[in-house]
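Accompanying notes for the structure given below.
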Amino acid sequence: MSRLKEQGMRLSLYTSVRNVVRMDFPVREMLQHHLPLADEIIVNEGHSDDGTLELVSSIDPKIKVFRHAWDDTPSPAWWARFSDDARRHCTGDWCLKLDCDEFIPEWEFARLHEQIRTASEDILPVKFTNFYGNYRVYHAAPEKIRWITHKWILHRNRPDVHYVGDGSSAQIGEQPWPAVRSDALTLHHFGAVRDAAQMRKKWREDGLRKQNRRGPWIPQFIYNFRPHDWFDADFIDDLATYEGPFIGPVREAPDRFTKDNLRLFHHLKQLGR
14 MSRLKEQGMR
24 LSLYTSVRNV
34 VRMDFPVREM
44 LQHHLPLADE
54 IIVNEGHSDD
64 GTLELVSSID
74 PKIKVFRHAW
84 DDTPSPAWWA
94 RFSDDARRHC
104 TGDWCLKLDC
114 DEFIPEWEFA
124 RLHEQIRTAS
134 EDILPVKFTN
144 FYGNYRVYHA
154 APEKIRWITH
164 KWILHRNRPD
174 VHYVGDGSSA
184 QIGEQPWPAV
194 RSDALTLHHF
204 GAVRDAAQMR
214 KKWREDGLRK
224 QNRRGPWIPQ
234 FIYNFRPHDW
244 FDADFIDDLA
254 TYEGPFIGPV
264 REAPDRFTKD
274 NLRLFHHLKQ
284 LGR
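The opening residue of the sequence shown carries number 14 in our numbering; numbering runs sequentially from there.
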């Protein structure tokens with residue numbers, strides 16, 4: 014039994030999903046991976062039509078699924094609203110919000126429990142390693158392309174917790190975020206390790222959302238015909254090889270976390286990167 018449970022403290026993990034099967038997110042792997050970490054897992058399911066509801070509902074009784082109609086306005090603030098909806102169902106003393114492409118490494122589970130058991134803060138940051146194309150390549154300079162380097166997603170379960178901006182980070186009331194701790198946990202982020210056609214669609218929709226507007230509808234076969242190029246010039250110069258360790262889901266099913274046939278990895282190794 015962990016010292017967290019010895020003290021009667023409970024951890025809730027929460028996430029939000031809609032049509033993530035179609036979008037090639039590793040939702041099954043993510044939920045199964047974190048079952049030993051959390052006392053409950055809350056899923057805000059947004060009335061999917063691709064089998065997502067059936068998938069997340071069938072994994073384990075520890076996973077509690079709640080359905081909410083999601084706001085589809087073009088403003089990025091809608092991400093904050095569905096994160097808040099999920100958090101309100103949490104019953105733990107502490108809460109951890111993860112997207113369905115984010116994994117706390119299993120070797121960090123005990124340290125996460127120890128951090129929240131001893132924390133004087135109400136909210137803690139989590140740092141990111143952003144993988145790209147496959148599980149052997151990551152982006153070494155994510156700030157250059159405005160990718161996430163850390164989020165404030167580990168917090169006490171307080172009624173004044175709310176998500177701000179694009180919904181990436183939580184805030185306690187109007188309190189400023191404390192400094193990022195040197196011992197902050199690092200999660201593995203596989204948002205850019207998905208089907209190349211879905212990645213092309215994501216880049217377009219993200220760009221439109223940042224402009225608070227909708228663009229003309231584009232059928233899926235167009236993205237299939239013109240998928241994302243993994244060697245895109247916006248990314249290639251700042252990629253580096255990741256030498257491990259690898260999380261359990263990667264070790265068990267490396268092909269699930271490989272979308273480019275490891276071409277980027279072999280290319281970077283030839284360059285000594």
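C-beta atoms are modelled at their ideal positions from N, C-alpha and C, and glycine is treated no differently.
Relative to the alpha-carbon of residue i, which residue among the options has its alpha-carbon at the smallest distance?
i, options, result
"HIS280", "ARG149, ASP196, ILE54", "ARG149"
"CYS108", "TRP120, LEU125, PRO118, GLU156", "LEU125"
"SER182", "ASN147, GLY64, PHE95, GLU58", "PHE95"
"PRO172", "GLY21, ASP106, GLY285, ILE72", "ASP106"
"ARG101", "ILE117, ASN170, VAL69", "ASN170"
"SER70", "LEU275, VAL30, VAL206", "VAL30"
"ASN274", "ARG264, ASP208, ILE235, ARG226", "ASP208"
"THR65", "GLU265, PRO189, PHE238, VAL34", "VAL34"
"ALA10", "TRP165, VAL174, PHE203", "Only positions 14 to 286 of the chain appear in the structure, and residue 10 is not among them; the question remains open."
"HIS46", "PHE278, GLU265, ARG226, VAL174", "GLU265"
"ASP245", "TYR236, GLN188, LEU277", "LEU277"
"GLU256", "ARG286, PHE248, TRP243", "ARG286"
"HIS163", "THR28, VAL174, LEU198", "LEU198"
"ALA90", "GLN128, ARG226, PHE238", "ARG226"
"PHE234", "LEU111, PHE248, ARG213, GLY228", "ARG213"
"PHE203", "PRO189, VAL263, ILE72, ILE231", "VAL263"
"ARG42", "ASN32, SER61, ILE72", "The residue asked about is misnamed: residue 42 is Glu in this sequence, not Arg. When each option's Cα is compared against that of GLU42, the closest is ILE72."
"PRO258", "GLN128, GLU121, TRP243", "GLU121"
"TRP243", "TYR151, PRO232, PRO189, ASP112", "TYR151"
Is residue i near residue j, with beta carbons less than 8 Å apart?
i, j, result
"ASP114", "PRO49", "no"
"SER195", "CYS103", "no"
"ALA82", "ALA153", "no"
"ARG80", "ASP52", "no"
"GLU119", "GLY261", "yes"
"TYR176", "ASP97", "yes"
"HIS168", "ILE136", "yes"
"LEU200", "VAL139", "yes"
"PRO240", "ALA210", "yes"
"TRP92", "ASP179", "yes"
"LYS110", "TYR236", "no"
If we count the other Cβ atoms within 10 Å of its Cβ and call it buried at 16 or more, is residue i buried or exposed?
i, result
"MET14", "With a pLDDT of 49 at MET14, under the threshold of 50, the modelled position of this residue cannot be trusted, and the question is left open."
"LYS282", "exposed"
"LEU284", "exposed"
"ASP250", "exposed"
"GLU187", "exposed"
"LEU63", "First, the residue type needs correcting, since residue 63 is Asp and not Leu in the sequence shown. So ASP63 counts as exposed."
"ALA99", "buried"
"PHE238", "exposed"
"TRP230", "exposed"
"TRP216", "exposed"
"ASP247", "exposed"
"GLY21", "exposed"
Note down, one range per segment and in chain order, each beta strand (DSSP E) of at least 3 residues found wholly within the stretch 230-280. 252-254
Would you call the stretch 158-166 and the stretch 70-78 touching, i.e. three or more CB-CB distances under 8 Å? no
Extract the residue ranges of the beta strand (DSSP E) inside the stretch 37-114, only unbroken runs of 3 or more that lie entirely within it. 53-58, 76-80, 107-110
With a threshold of 8 Å, are at least 3 pairs of Cβ atoms found where one atom belongs to the stretch 135-147 and the other to the stretch 45-59? no
For the pair the stretch 124-139 and the stretch 266-282, tell me if three or more CB-CB distances fall below 8 Å. no
Could you give the uninterrupted runs of the beta strand (DSSP E) lying entirely in the stretch 182-221, keeping only those of 3 residues or more? 182-185, 198-205
Extract the residue ranges of the beta strand (DSSP E) inside the stretch 141-166, only unbroken runs of 3 or more that lie entirely within it. 147-152
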